[in-house]
Structures are given as structure tokens and as C-alpha cells.
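These notes are about the structure you will find just below.
2 protein chains.
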Amino acid sequence: MEDSGCRNTVLDIDLSSFGILEGISETIVSTGFEFPNAAPIGIIRKSGRPFVRLFKGSHTWANVSKEKYLAANVVYDPLLLVRSTFFDLAISEFEFVPAGGRSFPVLKEASAWVVFKCVNIKNTDQALVAELVPVEAGFNEANMKFLPVPNRGFNAVLEATVHATRYQLSRDEKYLEWILHYEELASKCGGEKEKQAMELLYKVLGL
Amino acid sequence: MEDSGCRNTVLDIDLSSFGILEGISETIVSTGFEFPNAAPIGIIRKSGRPFVRLFKGSHTWANVSKEKYLAANVVYDPLLLVRSTFFDLAISEFEFVPAGGRSFPVLKEASAWVVFKCVNIKNTDQALVAELVPVEAGFNEANMKFLPVPNRGFNAVLEATVHATRYQLSRDEKYLEWILHYEELASKCGGEKEKQAMELLYKVLGL
Numbered sequence: 001m002e003d004s005g006c007r008n009t010v011l012d013i014d015l016s017s018f019g020i021l022e023g024i025s026e027t028i029v030s031t032g033f034e035f036p037n038a039a040p041i042g043i044i045r046k047s048g049r050p051f052v053r054l055f056k057g058s059h060t061w062a063n064v065s066k067e068k069y070l071a072a073n074v075v076y077d078p079l080l081l082v083r084s085t086f087f088d089l090a091i092s093e094f095e096f097v098p099a100g101g102r103s104f105p106v107l108k109e110a111s112a113w114v115v116f117k118c119v120n121i122k123n124t125d126q127a128l129v130a131e132l133v134p135v136e137a138g139f140n141e142a143n144m145k146f147l148p149v150p151n152r153g154f155n156a157v158l159e160a161t162v163h164a165t166r167y168q169l170s171r172d173e174k175y176l177e178w179i180l181h182y183e184e185l186a187s188k189c190g191g192e193k194e195k196q197a198m199e200l201l202y203k204v205l206g207l
Numbered sequence: 208m209e210d211s212g213c214r215n216t217v218l219d220i221d222l223s224s225f226g227i228l229e230g231i232s233e234t235i236v237s238t239g240f241e242f243p244n245a246a247p248i249g250i251i252r253k254s255g256r257p258f259v260r261l262f263k264g265s266h267t268w269a270n271v272s273k274e275k276y277l278a279a280n281v282v283y284d285p286l287l288l289v290r291s292t293f294f295d296l297a298i299s300e301f302e303f304v305p306a307g308g309r310s311f312p313v314l315k316e317a318s319a320w321v322v323f324k325c326v327n328i329k330n331t332d333q334a335l336v337a338e339l340v341p342v343e344a345g346f347n348e349a350n351m352k353f354l355p356v357p358n359r360g361f362n363a364v365l366e367a368t369v370h371a372t373r374y375q376l377s378r379d380e381k382y383l384e385w386i387l388h389y390e391e392l393a394s395k396c397g398g399e400k401e402k403q404a405m406e407l408l409y410k411v412l413g414l
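Those protein sequences? They're chains C and F, same order as listed.
Positions 1 to 207 (the numbering used here) are the ones given, in order, by the first sequence.
Positions 208 to 414 (the numbering used here) are the ones given, in order, by the second sequence.
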């Protein structure tokens, strides 16, 4: 097992220092002791308490339903964001950290990660809602060489990805208009990775 | 003069480590040895070379035209973003660092700042374009306690601010539709600061 920087016990984990603040933090969630999987998912924090909403049918939902653990990975790579939305990542993209007495997958590319135990799980028709208790967390200093400065191109990839998943579900053309807008923004304000990410997104949608 | 963390000589400044990468980095630019001013401005980097485009008539444009220096401040506070777009900041919000043999204003709230000398300045009818040579840079560790995780609410404030300045110039109602959209997003995904920032933006626009 590889070492992933500092480890903390439950009592030490200050979610804010990992950037999980009030509102919705856009992370890539990894799950699956048995079958590692990753997908972009927002960690919601309201009045200090973190929770998550997972739509039924996804790998993330299946893994959390069964195993009750997930990790929030802080990632600034727009291409990884798009890849993890539409494709399975390679097993080599995960590293394993101790959680729940076993080895849990987090992303090697993450600047930081927090493993949560999912408690008070409630199922609705469409989704699972779970409260989150942090059990392990770490920083990957090697991935923190660049300060993440706000970039409208990166943000545009994030928005386009959200609209792309909605388009795939609904086929509503209004989402394509949003995506076109964000493609222009990613092209104007982003770097190489933002452009690659939008190219991949266009490919996935057959545009 | 206050100390602002690590200082580097020209040769040491790696712009990438300050997050100024290819594309457009959204920073708050401070200017004015004599009359400190701050406003959100993108630092553009193409094929590695940093430059900036400043629209004529702004305080930033006037200061750079006269003094040939600017500082890019990396800031994650959405309220400061909106405040510096529409209002003058208080002098107490600046600290002073050595640049060009004098004391140059940077933002106390910045996680990092880079002071640039502006060279090869070209003036067009509407704007000034300058190449940027980094001369001083620093991190403010005290402002780096929270990892800046992508947040669609923060991003929405940034987009709304861009559209608000365009609306002020053109009074084109299409920008109000964008702003309404981003207000919803800031409210749904942001924290308290994002909500305050949008409230202020609405107040400025008389909405």
C-alpha cells in the first residue's frame, strides 16, 4: 500500500481545512472496497453537517448501498472530471488507504481526500441520502504544486459536464445550448486540459 | 511595512506555482503606488507568456498607464470579488510589498500575489495590452487554511459579476437572464459568502 501523506484520526478531521465548506463542494467521489469506482458528486454541507445525495442506479449508489463508505477526492483536473463522469477509471488510477478496517480506494490525482462512513441512510424513489462521518483524510502534497486560481474555463467544463449528464437523461436540446456556451468559454479562458476535456465531452455526446 | 510571507527574486518566480497557468487566471489586480486600487482582471497566459488587457478609462488602466506596475492577487472570497468590481476598497485592505524600489499595494486577503512590471505596452482605441514580467511574489500562508475546492456557487458569482459589468455598459436584458440563472446557482451551491456577494450584486444593479 502506498503512503498518502498525513493521516488523521476521526477527531482530528476538520472538514473545512479540506475545503468542504457550507454549500456544495464539487468532488470526485470514489467508492467500492471490492470494485473501485469514481464519479463527480457534490458533498453537501448545511449548518456544518455533511451529507450526500446519490441517484439510484449508479455505481456509486450501488457501492454505498452495500458498503456504506465513500471518499471525497479534491481534484482540479478537468479531463479527469469528464473522464470520471462518462467512463470507468483504470484501477491504476486509485491508491488504497485504511478505512473501516480495510483498504479503501482514493484517487492518486487528488490533492486531498476524505473517507466518510455513510450513516442514517434514507432511500427515496429516486435517490439515497446519507449523512457523512469523516473517518480518514489526507493531503497529497505532490499534487499541490500549483495554487488553484479561479479559471472560467475550468468552471465551464464543470458546468458543461453537469448539463451533459442532464442532456443524456432528457435529450432536451436546451442543454446543448448551455454546452455550446461553455465550450466557447473553456476554449477562451481554459488551458490545454480544459480544451481536451471539452473535446472528450463533445465526443461522448456525439457532437 | 508588514511582512507578507516568502519573497522571491525575479529569477525564482515560477508563475505556475502561483496558479497562473495557460488560459486566463481570474485574479484581483491591485495597482497604484500612489492611489491603491483593486479590480477583478484576468491574467492571460499564452505559450507561457503572461499579459493583460485593460479597458480604457478604469482606475487600473490609469494606474498602469502611468506607473507600469500591477499585482495579481489570488483571492477566493466571492464578496471581495463583487466589492472590488463595483466599489473602492479601503486602504486598510491593502498591505505594501517592495517592488520597483518602492512600496506596492497587494491585498491582505490574497492567498498569493505576484507583482508584475508591464512592458511593451500597446494602446488600441479601447484598451491597453501589456506583457508582464514578474518582479516580486509571495504566499500568505495565513490565508491558505482552507483548500479551495471547486464550488459552482462561487463560480456562479464570478460569472454573474462578468455579466453585471456587461449589463452596466450595455443595458442589454439578456445579461439579466444570465444573472438570474447564476443567482439561483449561487444560492443552491454556495455558502454564506456567495449569498452575500449576490445580494450585493443585486443591490448594485438595483434588482
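Note that the Cβ used here is the ideal one computed from N, Cα and C, for glycine as well.
Treat the numbers as computed from the prediction; the structure is a model and nothing was measured.
Proximal residues to residue i (C-beta, below 6 angstroms), its chain only, five neighbours per side dropped
i, result
"Ala112 (chain C)", "Phe18, Val74 and Phe139"
"Arg359 (chain F)", "Leu392 and Cys396"
"Ile41 (chain C)", "Val29"
"Arg214 (chain F)", "Any reading at Arg214 (chain F) must be qualified, since the residue scores a pLDDT of 44, below 50, and its modelled position is unreliable; no value is offered."
"Val208 (chain C)", "Outside the modelled stretch of chain C, which goes from 1 to 207, sits residue 208 (chain C), for which no answer is possible."
"Glu390 (chain F)", "Met405"
"Met144 (chain C)", "Ser111"
"Asp379 (chain F)", "none"
"Gly398 (chain F)", "none"
Anticipated Cβ contact below 8 angstroms, residue i with residue j, distance rounded
i, j, result
"Phe306 (chain F)", "Val342 (chain F)", "In the sequence as presented, Phe is not what sits at residue 306 (chain F); that position holds Ala. Indeed they touch by this definition, with Cβ atoms about 6 angstroms apart."
"Gly93 (chain C)", "Leu107 (chain C)", "Here residue 93 (chain C) turns out to be Glu, not Gly, going by the sequence shown. Rounded, the Cβ-Cβ distance is 6 angstroms, consistent with contact."
"Ala344 (chain F)", "Val322 (chain F)", "7 angstroms"
"Leu81 (chain C)", "Val157 (chain C)", "6 angstroms"
"Glu241 (chain F)", "Pro150 (chain C)", "With 8 angstroms as the limit, Glu241 (chain F) and Pro150 (chain C) do not qualify as a contact, their Cβ atoms being about 29 angstroms apart."
"Ile251 (chain F)", "Ile231 (chain F)", "5 angstroms"
"Leu211 (chain C)", "Pro50 (chain C)", "The shown model of chain C, from 1 to 207, leaves out residue 211 (chain C), and the question about it has no answer."
"Ile227 (chain F)", "Ala269 (chain F)", "About 24 angstroms; that fails the 8 angstroms criterion."
"Pro36 (chain C)", "Pro355 (chain F)", "Not quite, the Cβ-Cβ distance comes to about 26 angstroms (not below 8 angstroms), so this is no contact."
"Glu67 (chain C)", "Gly32 (chain C)", "7 angstroms"
Where the beta strand (DSSP E) containing residue i begins and where it ends
i, result
"Thr234 (chain F)", "Gly230 to Thr238"
"Ile41 (chain C)", "Asn37 to Lys46"
"Leu277 (chain F)", "Tyr276 to Val281"
"Ala112 (chain C)", "Ala112 to Asn123"
Start-to-end residues for the alpha helix (DSSP H) that takes in residue i
i, result
"Pro285 (chain F)", "Pro285 to Phe293"
"Phe225 (chain F)", "First-last for Phe225 (chain F): undefined, no H or E at that position."
"Ala197 (chain C)", "Glu192 to Leu205"
DSSP-derived helix/strand/coil call for residue i
i, result
"Phe262 (chain F)", "strand"
"Ser103 (chain C)", "strand"
"Gly345 (chain F)", "strand"
"Glu241 (chain F)", "coil"
"Asn358 (chain F)", "coil"
"Glu391 (chain F)", "helix"
"Arg378 (chain F)", "coil"
"Lys66 (chain C)", "helix"
"Glu366 (chain F)", "helix"
"Ala334 (chain F)", "strand"
"Leu339 (chain F)", "strand"
"Glu302 (chain F)", "strand"
"Asn215 (chain F)", "Any reading at Asn215 (chain F) needs caution, since the residue's pLDDT is 39, under 50, leaving its predicted position unreliable; the model's value is listed next. Coil at Asn215 (chain F), not helix or strand."
Same chain, Cβ closer than 7 angstroms to residue i, five either side skipped, listed in chain order
i, result
"Asp77 (chain C)", "Glu109 and Lys193"
"Ala334 (chain F)", "Arg260, Leu261, Phe262 and Lys263"
"Val340 (chain F)", "Phe323, Lys324 and Val326"
"Leu408 (chain F)", "Val289, Ala367, Thr368 and Ala371"
"Gln196 (chain C)", "Leu79"
Contacting residues, own chain, Cβ-Cβ under 8 angstroms from residue i (five flanking each side not counted)
i, result
"Ala246 (chain F)", "Ile235, Val236, Ser265, His266, Thr267, Ser291 and Thr292"
"Lys253 (chain F)", "Glu229"
"Lys329 (chain F)", "Leu335, Val336 and Ala337"
"Trp148 (chain F)", "Only positions 208 to 414 of chain F appear in this structure, which leaves residue 148 (chain F) out of reach."
"Thr175 (chain C)", "According to the sequence displayed, residue 175 (chain C) carries Tyr and not Thr. If we look at Tyr175 (chain C) and ignore the five residues flanking it on each side, its Cβ neighbours are His163, Ala164, Arg166 and Tyr167."
Q) What are the residues of the segment 21-47 of chain C that lie near chain F, defined by any Cβ-Cβ distance shorter than 7 angstroms? A) Within the segment 21-47 of chain C, the qualifying residues are Leu21, Glu22, Gly23, Ile24, Ser25, Glu26 and Thr27.
Q: Could you please tell me which residues of the segment 294-321 of chain F, in chain order, have their CB closer than 8 angstroms to any CB of chain C?
A: Under the 8 angstroms Cβ criterion, the segment 294-321 of chain F contributes Ser318 and Ala319.
Q | Chain-ordered residues of the segment 352-363 of chain F with a beta carbon less than 7 angstroms from chain C | A | Answer in chain order: Lys352, Phe353, Leu354, Pro355, Val356, Pro357, Asn358, Arg359, Gly360 and Asn362.
Q) At a Cβ cut of 7 angstroms, what residues of the segment 180-201 of chain C count as close to chain F, listed as they run along the chain? A) Within the segment 180-201 of chain C, the residues whose Cβ lies closer than 7 angstroms to some Cβ of chain F are Cys189, Gly190, Gly191, Glu192 and Glu194, listed in chain order.
Q: Could you name the residues of the segment 49-79 of chain C whose beta carbon sits closer than 7 angstroms to any beta carbon of chain F, in the order they occur along the chain?
A: If the cut-off is 7 angstroms between Cβ atoms, the segment 49-79 of chain C has Val74 near chain F.
(Q) Along the segment 323-342 of chain F, where does the CB come closer than 7 angstroms to a CB of chain C? Name the residues. (A) Legend: CB atoms of the segment 323-342 of chain F lying less than 7 angstroms from CB atoms of chain C are not found in any residue.
Q | chain F contacts made by the segment 155-169 of chain C, where a contact means CB separation under 8 angstroms | A | Under the 8 angstroms Cβ criterion, the segment 155-169 of chain C contributes Asn155, Leu158, Glu159 and Val162.
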